[in-house]
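Below is one structure, written out as structure tokens, with a few remarks after it.
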Amino acid sequence: MKANYFYNLLFLGFIVIFTSCKEDVKKESVNSSEELNYQSNIEAYFKSNTPSKVDLPYETEEEYQERMQWWKDAKYGMFIHWGLYSQLGGEYKGEVTPKIAEWIQNTLKIPAVEYKKLMETFNATKFSAEEWVSIAKAAGMKYIVITSKHHDGFALFDSKVSDYDVMNTPFGRDVIKELKDECHRQGLKFGLYYSHAIDWDHPQAYIGEGELQNRMNTVDFDPNDMDRSKYLKEKSFPQLKEILTNYGTIDILWFDMGKGLDNEEIREFVKITKELQPNIIISSRIGDEVAPTSLNKDMYFDFFTPSDNYSTGDQFEIPFEMAGTTNSSWGYRKDDKEWREPGFIINSLIASASRNGNYLLNVGPMANGLIPSEPVKNLKIAGEWLKKNGESVYNTTASPFPWNYNWGYVTQNENKMYLNVFNWPKSNRIELNGLLTKADKITALGSSDNLSFTQDGRFLSIDLSTVTKQDFATPIVVELKSAELNIDKKISQNIENDIRLDRITSQYMKDEKLSSWNFTVHTPGKFKIKIVSNEKGNHSKPDWTGADQKGSVQVAGKIIPVSLTRDTEIVNPTLFFYKEIGSNVGEIEFTKKGTYSLQLKGFEIGAGKWTKGLGLNRIELVQK
Numbered sequence: 091m092k093a094n095y096f097y098n099l100l101f102l103g104f105i106v107i108f109t110s111c112k113e114d115v116k117k118e119s120v121n122s123s124e125e126l127n128y129q130s131n132i133e134a135y136f137k138s139n140t141p142s143k144v145d146l147p148y149e150t151e152e153e154y155q156e157r158m159q160w161w162k163d164a165k166y167g168m169f170i171h172w173g174l175y176s177q178l179g180g181e182y183k184g185e186v187t188p189k190i191a192e193w194i195q196n197t198l199k200i201p202a203v204e205y206k207k208l209m210e211t212f213n214a215t216k217f218s219a220e221e222w223v224s225i226a227k228a229a230g231m232k233y234i235v236i237t238s239k240h241h242d243g244f245a246l247f248d249s250k251v252s253d254y255d256v257m258n259t260p261f262g263r264d265v266i267k268e269l270k271d272e273c274h275r276q277g278l279k280f281g282l283y284y285s286h287a288i289d290w291d292h293p294q295a296y297i298g299e300g301e302l303q304n305r306m307n308t309v310d311f312d313p314n315d316m317d318r319s320k321y322l323k324e325k326s327f328p329q330l331k332e333i334l335t336n337y338g339t340i341d342i343l344w345f346d347m348g349k350g351l352d353n354e355e356i357r358e359f360v361k362i363t364k365e366l367q368p369n370i371i372i373s374s375r376i377g378d379e380v381a382p383t384s385l386n387k388d389m390y391f392d393f394f395t396p397s398d399n400y401s402t403g404d405q406f407e408i409p410f411e412m413a414g415t416t417n418s419s420w421g422y423r424k425d426d427k428e429w430r431e432p433g434f435i436i437n438s439l440i441a442s443a444s445r446n447g448n449y450l451l452n453v454g455p456m457a458n459g460l461i462p463s464e465p466v467k468n469l470k471i472a473g474e475w476l477k478k479n480g481e482s483v484y485n486t487t488a489s490p491f492p493w494n495y496n497w498g499y500v501t502q503n504e505n506k507m508y509l510n511v512f513n514w515p516k517s518n519r520i521e522l523n524g525l526l527t528k529a530d531k532i533t534a535l536g537s538s539d540n541l542s543f544t545q546d547g548r549f550l551s552i553d554l555s556t557v558t559k560q561d562f563a564t565p566i567v568v569e570l571k572s573a574e575l576n577i578d579k580k581i582s583q584n585i586e587n588d589i590r591l592d593r594i595t596s597q598y599m600k601d602e603k604l605s606s607w608n609f610t611v612h613t614p615g616k617f618k619i620k621i622v623s624n625e626k627g628n629h630s631k632p633d634w635t636g637a638d639q640k641g642s643v644q645v646a647g648k649i650i651p652v653s654l655t656r657d658t659e660i661v662n663p664t665l666f667f668y669k670e671i672g673s674n675v676g677e678i679e680f681t682k683k684g685t686y687s688l689q690l691k692g693f694e695i696g697a698g699k700w701t702k703g704l705g706l707n708r709i710e711l712v713q714k
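Quick look at the structure:
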């Protein structure tokens, strides 16, 4: 059977989502990301022959992989949010928006007639496409995605569909054309963000009822008088055709916030896109916004976009892209100086690569066309690290291990594993647990000096005492005797005699609020038990969601009541604005070697940024 038949699976994708919201699956054991068997859904689609009004192009698994290969190899791109809102910098008539800068028209309820006056003063005299692309290239980025039209409806391209565009400003230059041409000249791929569902300038841009109306312009337009089909026919579909026709090859189309659009509308967006640009790569936000736990996996898009600025630590089977900011806003905000440091950027990039993903890092240029100097400096420093160590990032695949490591992240390229060490161990040794394939030689990246190592059964232990530690991260290269990996995925005590039980390796029974792990103890003794969970929710005020639940830990015949307390706070760059919270819950003694089971009971687990329940990250058993 042909797999990854993405575009002809849209209908099924929506059926699955709507059904999953209504049904209560009794006592079903699923993995920690709550994903079910997607393959069975695909097979069901082929058997059903569900008719559709819109025919979508056919694609085999091999064709999909070939089309996606450059993107999967690239790993790292620049996101650019720029528009009329950049002139305001997060403030309008003395009032500072409490939310992200590019949403200021919606947040502060600025009437459209007032907001559109910004066209009269938009004149980016210092804009240089060459400079923007050069910054991205120096940072080590391989592609650029820019907002061709954001939610305010203003276009950065020459549009014949609407005069609400950059050509009708004093600036009067087609930003998309200049940037596309410069990307081509400097060898970067080029993508366009297009807000296809939300448009605060069009009177018919209806999204939906309830909280969806918070995304609409209800200051100027009455939702009861809106007809979305008119908006789609008059502006969204025609402008999509413009950007896909007038600028040559477009490599990526980044739709956003498509929630509220129906099945046939989404299919029409796909049809237009694929007919005009057959090799283009489409983001998952073309349709209903899906969390990392959604059943709507790869039905009508090419890569999955989880929540912005938040990584749950999951390794997805399909390619994904983590979108993040260099500060706390996407559009330029003059009062936001909390810039991401180079080490943060490198950590987030490699974490994404190790989990089968890319990292799309945003900059918000100022109204004059300049990108603020601080993120430019940090991007350049991170880029210097990549010039030296890019082999451990570009063209790699995900870690073959189902768990995370305290010292850093694993990437792979054929018979080479790259152990990217961020947290240098006190023992000067790191360990790969579960690797049965024999190692041939081990070096620090860029050095020919062999490192001392031992490999006994499932344990590969590497001596780092002779390695010169780099700033930010130090890649260690493990060359294997075979590219065919043999991994023992059973959890086991590590070289420090500790045991790490990641949420992503648990079995979770949602209805019974039960998470469980099996693991092996090699060195018995007494262990402290710590539950580590993530903050989540709105980044301006992170919430320790689900921490008010009470439950128990059951292990080695002992039941330990658990009431979570905020004992430690841990900074994790992949969580961006959020912290890991450590809760000490007691002790346990393992008196002999062997296999044990640990159960966490009574806690509803919700790993996603906006999901209900405790954002469980892991349980640590630390030997005393």
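In my numbering, each residue carries its 1-based index in the sequence shown increased by 90.
Each residue gets a CB set at the ideal place from its N, CA and C atoms; glycine is no exception.
Where residue i and residue j are concerned, what is the direct C-alpha to C-alpha distance, given to the nearest angstrom?
| i | j | result |
| --- | --- | --- |
| P382 | S397 | Residue confidence is low: P382 scores 33 on pLDDT, short of 50, so the model does not pin down where it sits. Its coordinate-derived value is still stated next. The alpha-carbon atoms of P382 and S397 are separated by roughly 8 Å. |
| D346 | G414 | 14 Å |
| K683 | R548 | 16 Å |
| H241 | A191 | 12 Å |
| D289 | R357 | 19 Å |
| A472 | V466 | 10 Å |
| G692 | N505 | 43 Å |
| F393 | L278 | 19 Å |
| R263 | E220 | 14 Å |
| E355 | G300 | 20 Å |
| Y508 | K478 | 14 Å |
| F617 | I709 | 12 Å |
| Y337 | K603 | 52 Å |
| E153 | M456 | 40 Å |
| A563 | W497 | 10 Å |
| G230 | S373 | 22 Å |
| D553 | I566 | 11 Å |
| W222 | I461 | 8 Å |
| E365 | L525 | 46 Å |
| T486 | F406 | 15 Å |
| V235 | V675 | 45 Å |
| K424 | S687 | 52 Å |
| Y175 | I585 | 53 Å |
| E679 | L351 | 55 Å |
| Y668 | N662 | 8 Å |
| D539 | K531 | 10 Å |
Taking all protein chains shown into account, do 16 or more other C-beta atoms lie within 10 angstroms of the C-beta of residue i, making it buried, or fewer, making it exposed?
| i | result |
| --- | --- |
| R275 | exposed |
| S201 | The question names Ser, but residue 201 in the sequence shown is Pro. So P201 counts as exposed. |
| N437 | buried |
| E332 | buried |
| E149 | buried |
| K714 | exposed |
| W171 | As written in the sequence, residue 171 is His, which differs from the Trp given in the question. Classification of H171: buried, given that the 10 Å Cβ count is 16 or more. |
| H292 | buried |
| A573 | exposed |
| S319 | exposed |
| S653 | exposed |
| K699 | buried |
| S353 | Reading off the sequence shown, one finds Asn at residue 353, where the question assumed Ser. Buried, because 16 or more other Cβ atoms sit within 10 Å of the Cβ of N353. |
| N707 | buried |
| T237 | buried |
Quick one: grab the DSSP three-state call for residue i.
| i | result |
| --- | --- |
| R708 | strand |
| N510 | strand |
| R423 | coil |
| Q329 | helix |
| Q303 | helix |
| K791 | Nothing can be reported for residue 791, as the shown portion of the chain is limited to 91 through 714. |
| L688 | strand |
| T187 | coil |
| A413 | strand |
| V380 | Note on V380: pLDDT 45, under 50, position unreliable in the model; no value is reported. |
| E749 | This structure cannot settle anything about residue 749, because the visible part of the chain is limited to 91 through 714. |
What does residue i pair with, by DSSP beta-bridge criteria?
| i | result |
| --- | --- |
| N503 | K506 |
| Y495 | G498 |
| E521 | S551 |
| N540 | T533 |
| E677 | K618 |
| V453 | I170 |
request  = Let me know the alpha helix (DSSP H) ranges lying completely inside the region 607-674, each 4 residues or longer, listed in chain order.
outcome  = none
key: Minimum length 4: unbroken alpha helix (DSSP H) runs contained in the region 224-281   = 265-276
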